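Top to bottom, those sequences are chains Z and B. Position 100 of the first sequence, counting from 1, maps to 100 under this note's numbering, and the rest follow consecutively. To convert, count from 1 in the second sequence and add 1000; that's this note's numbering. Idealized CB from N, CA, C, for every residue including glycine. Values in this document were obtained by computation on a predicted structure and should not be read as measured data. To keep things clear, I will list the structure first and then write my remarks on it.
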Amino acid sequence: MKIDKINKDLQALYSTNIKDINDYSSPIINKYRESAFKEFKKAGVPTKYNEDYKYTDLIPTFEKDYNVTFKPIDVQIKTENLFKCDVVRLDADVTLLSRGRYIEEQKIKEFPKGVIIASFNEASKKYPEIFEKHYAKYGNTKNNSLYALNTALAQDGIFIYFPKNSYTEKPLQIINLLVDEKGFFYNTRNLIVIEENAQANIIFCDDSLSTGEFLGNTATEIYVGKNAKLNFYKIQNEHNESNNISSTYIYQDKDSVFHAGVYSLLGGLIRNNFDINLAEEGCESDLFGLSLIDKKQHTANFVHVNHSKSHCNSNQLFKTILDDKATGAFSGKVYVAKDAQQTNANQTNRNILLTDDAKMSTKPQLIIYADDVKCSHGATVGQLDEDAMFYMRARGIRKKEAKMLLMYAFANECISAVKIDALRENIQDLAQRRLNGELSLCRNCSARVVNA
Amino acid sequence: MKEEDKIIQEVTENEYKYGFTSDFNNEDLGKGINENIVRLISAKKGEPEWLLEYRLKAFRYWEEQKMKNWAHLNIPDINYQDIIYYSEPKPKKKLESMDEVDPELRETFEKLGIPLDEQKILSGVAVDAVIDSVSVKTTFREKLAELGVIFCSFSEAVKDYPDLVKKYLGSVVPYNDNYFSALNSAVFSDGSFVYIPKGVRSPMELSSYFRINAENTGQFERTLIVADEASYVSYLEGCTAPQRDENQLHAAVVEIYIHTDAEVKYSTVQNWYPGNKEGKGGIFNFVTKRGICHGENSKLSWTQVETGSAITWKYPSTILKGDNSTAEFFSVAVTNNHQQADTGTKMIHLGKNTKSTIISKGISAGKSNNSYRGLVKVGKKAENARNFSQCDSLLMGSECGAHTYPYIEIDNNSAIAEHEATTSKISEDQIFYCNQRGIPTDDAIGLIVNGYAKEVLNKLPMEFAVEAQKLLQISLEGSVG
């Protein structure tokens, strides 16, 4: 069996490299490796027999040979080249990662009000008390074996810290670039801590500048403290040979607000797991997702919202447009615990199939144990509204254009939720070009033409 | 006594009202299951070789399988060796008229209020009653036979129409479909068989009545309905069981095969014993029901009212193979006390222009858990397939759970699938409105719930609709949210 070989190889990867892995990380990270690895060993890479991965076949992705290194890498990226491509350009404080590793010279960047952006690895040495409190506290190695694998292997990533009452003038943009002609398997680990009353705007961009085969297994833990506010956006714009699996765990304290958008424009296999725990009363959580996919791409968004306490609101809106032979999956799970009275939860998933070969599977689930709640979910799979098409054609708009307009309007509902103006315009532009089929052709350089 | 008072009185009897046992002289094969028992059942029924082979194949498959626990149910371990797989009321001889029926049995029927006696025959329902495992009496056979409609017990069908049975048995639910269908295929004892010939509209509603009576027995009945071209039949199914402390197993298989232009309407009012208030006893209702709309323009409509059983695991499904075929699923599932239900439907669209509608209403009260689990699958060739699903849940009380697991898998770009669901509780405004007009809270709840479920209840045939409405009220008695 293929899966047995994959699991054996990954286990061997851990056992043969454990010395390197530990040597280049701090003890506070290392102490979780053994037990996480045990959990991974038990469960292995999830297969289609795992209910959560029924629609996402990971075997072809994991089967390929990737390069792996657990030693620090030295990558030079000329920043003047960076924004030539489609990397979202904003008036933001940019931090670069390559293959999930922090590559800036300044390992720890301090901003006014005590805000910190740093290499995950360096920060774990410098701020052990924060890591002790938050690291590996929100994720679950028992039901997510890929998160367990990440915990066992990860060495670096990004660390963001907003102390009490802090904020930054500009949004923080983190760009993870894939620059390597050879393929790579990387495990990125991020930790974001937003303390009481702080306000943060964070943008994660996954971009690729070269065309090797990549497999990223990212884990992010986010703590949103009392009355804190976090706007979190994720733009996935890689190439068709890159595979991106991410597990994001969000823990929300009392009266906190989490507002997130995930925009998947290009990529081979994209799998986003979100696990939101509304742990205290009065939390608010909004999650928007848009996937525009074609060729043989696959995107899967799995969102699990856990209403543990009363008076929380959660809202999810996920949309997908699938072209060619693309496949998509959505699974939402709203869990309302017995004590979570006065809960408002809503999840919506809308999908458009443009060809007969595209396939969409959706599973919006509600699991409710409290009686004084308002929960609803809706899912549709269909095609562009014929009446609307006719209306436009009758007014002399060409078919292609009418189609574009409708698709754009469909997508825009998710994009307009972005609260940072420049970013919203940027994503709108990207989406429009994506729908026109122009995104695989970069305006300024020829890096993507290869994949077109 | 006025009609309303009577209903109110009935409503206040919130104990399970069908909980009597009948003192038949039952004959059984003893507890346990093995290849020998399977052979014995087959021999006892004088079955042909091919059917025995079928049973053995199913048994060997079942033996290798383990019970899967993907459903949102907490199923205690079932000791399959502690169940009597075959039990029949004695004496068994060919019955010609009602007078020959065991008086005890007749009394049972009277208590159940099922129309077996002359007077009730006027109500025009043909009944096939299955007690424990054996079909005891099928009424109206001759009249139906004039039209060529075959309505008889399964074992008679095996004897009299072996070709038909052989052709359709397992054609919709193969023996290896799931754990319980395999078990049923191995040990099924009896059930009903319906065949509607070409162009015939069944003049009356056909009905089967299932009752588990003897202790420790499992009921494994098998229903096979075949609707030939351009025919129509409406089939009703009702179930009750006595009150017992132990759990009893009911694992039935229903197969419906529908040819071109034919239509079948299948209605169930399931009221197996749900166990007592502490959750002790009750029936495990693990049923596989599936129909295939094989021909063009065929139609299958499922309606179910599920109020009984300690655990319900049931997904009446439709395979829409013929072009332009239609399927409907209307369901009300009520759980109270410690009941658990994981029920829903599967609509598998294979043909062009196929349509399906799902309306599911779940009501949970007490400490119960009620889940809707449904699949809408549109195949690659199912052009213009259309689905609409709506599943609502109503919660009464803060200790119950209501869950929805819809699966939507679309493989065709001309398909449209919609799913909607809401979960809410009975609003205090509504109850207040009723109270203000002098309606006590309990009745108000009954009223509101019936209104909520009306969409489904309206689909039931007359006789059942009345019974179902009362059942809803009984089941929810004393469960003010």
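The beta carbons of tyrosine 249 (chain Z) and tyrosine 138 (chain Z) sit closer together than 7 Å. Distance from the CA atom of threonine 1307 (chain B) to the CA atom of isoleucine 1084 (chain B), rounded to whole angstroms, is 25 Å. Under the Cβ criterion of 7 Å, glutamine 383 (chain Z) is counted among the residues facing chain B. Interface criterion not met: the Cβ of serine 1368 (chain B) is under 7 Å from no Cβ in chain Z. Valine 1332 (chain B) and arginine 1141 (chain B) have their C-alpha atoms some 32 Å from each other. Burial is judged here by how many other beta carbons sit within 10 angstroms of a residue's own beta carbon; phenylalanine 1151 (chain B) has at least 16 and is buried. Nearest Cα to isoleucine 1426 (chain B) within the set B:His1419, B:Gly1322, B:Gly1148 and B:Gly1362: B:Gly1362. Contact of glycine 1397 (chain B) with chain Z by beta-carbon distance below 7 Å involves Asp371. Aspartate 387 (chain Z) is classed as exposed because its beta carbon has fewer than 16 other beta carbons within 10 Å across all chains shown. With a cut-off of 8 Å on Cβ pairs, the region 1339 to 1348 of chain B is in contact with the region 1310 to 1330 of chain B, counting three or more such pairs. Chain B places a beta carbon closer than 7 Å to that of threonine 380 (chain Z), counting this residue as a contact. Any Cβ of chain Z closer than 7 Å to the Cβ of aspartate 1342 (chain B) would place that residue at the interface, and such an atom is absent. For tyrosine 1195 (chain B), the nearest beta carbon of chain Z is not closer than 7 Å to its own beta carbon. Take valine 1456 (chain B), set aside five residues on each side of it, and the residues of its chain with a beta-carbon closer than 7 Å to its own are Thr1303, Phe1330, Ser1331, Val1332, Ile1359 and Lys1361, in chain order. Excluding residues up to 5 positions away in sequence, Asn346 lie with their Cβ nearer than 7 Å to the Cβ of serine 376 (chain Z) in the same chain. Exclusion of the five residues before and after asparagine 197 (chain Z) leaves Lys164, Asn165, Gly225, Lys226, Asn227 and Ala228 as the residues of its chain whose Cβ lies within less than 8 Å of its Cβ.
Beta-carbon to beta-carbon, glutamine 1219 (chain B) and histidine 1250 (chain B) are separated by about 5 Å, close enough to satisfy the 8 Å threshold. Against chain Z, a Cβ distance below 7 Å from serine 1424 (chain B) picks out Lys374. Annotated as proximal: glutamate 1205 (chain B) and leucine 1236 (chain B), with beta-carbon spacing under 7 Å. At a cut-off of 7 Å between C-beta atoms, glycine 1401 (chain B) counts as an interface residue with respect to chain Z. When C-alpha distances from glycine 1030 (chain B) are compared across B:Arg1039, B:Ile1078 and B:Asp1082, the shortest belongs to B:Asp1082. If only uninterrupted beta strand (DSSP E) runs of at least 3 residues are considered, those enclosed by the region 248 to 314 of chain Z are 257 to 266, 269 to 278, 284 to 293 and 298 to 307. When C-alpha distances from proline 364 (chain Z) are compared across Z:Ser331, Z:Ala370 and Z:Ala402, the shortest belongs to Z:Ser331. The straight-line gap separating the alpha-carbon atoms of lysine 296 (chain Z) and leucine 266 (chain Z) is approximately 11 Å. Relative to the Cα of lysine 1143 (chain B), the nearest Cα in the group B:Lys1166, B:Ser1202 and B:Ser1181 belongs to B:Ser1202.
For the pair asparagine 1370 (chain B) and lysine 1198 (chain B), the Cα-to-Cα distance works out to about 40 Å. At least one C-beta of chain B is nearer than 7 Å to the C-beta of threonine 362 (chain Z).
Collapsing the DSSP output to three states places histidine 134 (chain Z) in a helix. Nothing from the region 123 to 147 of chain Z brings a Cβ to less than 8 Å from some Cβ of chain B. Per the coordinates, the alpha-carbon of valine 68 (chain Z) lies some 26 Å from the alpha-carbon of isoleucine 160 (chain Z).
If only complete runs of 3 or more residues are kept, the region 329 to 372 of chain Z shows the beta strand (DSSP E) at 343 to 353 and 359 to 368, in order along the chain.
Per DSSP, asparagine 1034 (chain B) lies in no alpha helix (DSSP H) and is assigned neither H nor E. By the neighbour-count definition (other C-beta atoms within 10 Å, threshold 16), arginine 1386 (chain B) is a buried residue. Taking 7 Å as the CB threshold, isoleucine 293 (chain Z) stays off the interface with chain B. The C-alpha of histidine 1338 (chain B) lies about 8 Å from the C-alpha of glycine 1275 (chain B).
Taken residue by residue, none of the region 292 to 316 of chain Z has a beta-carbon sitting less than 9 Å from a beta-carbon on chain B.
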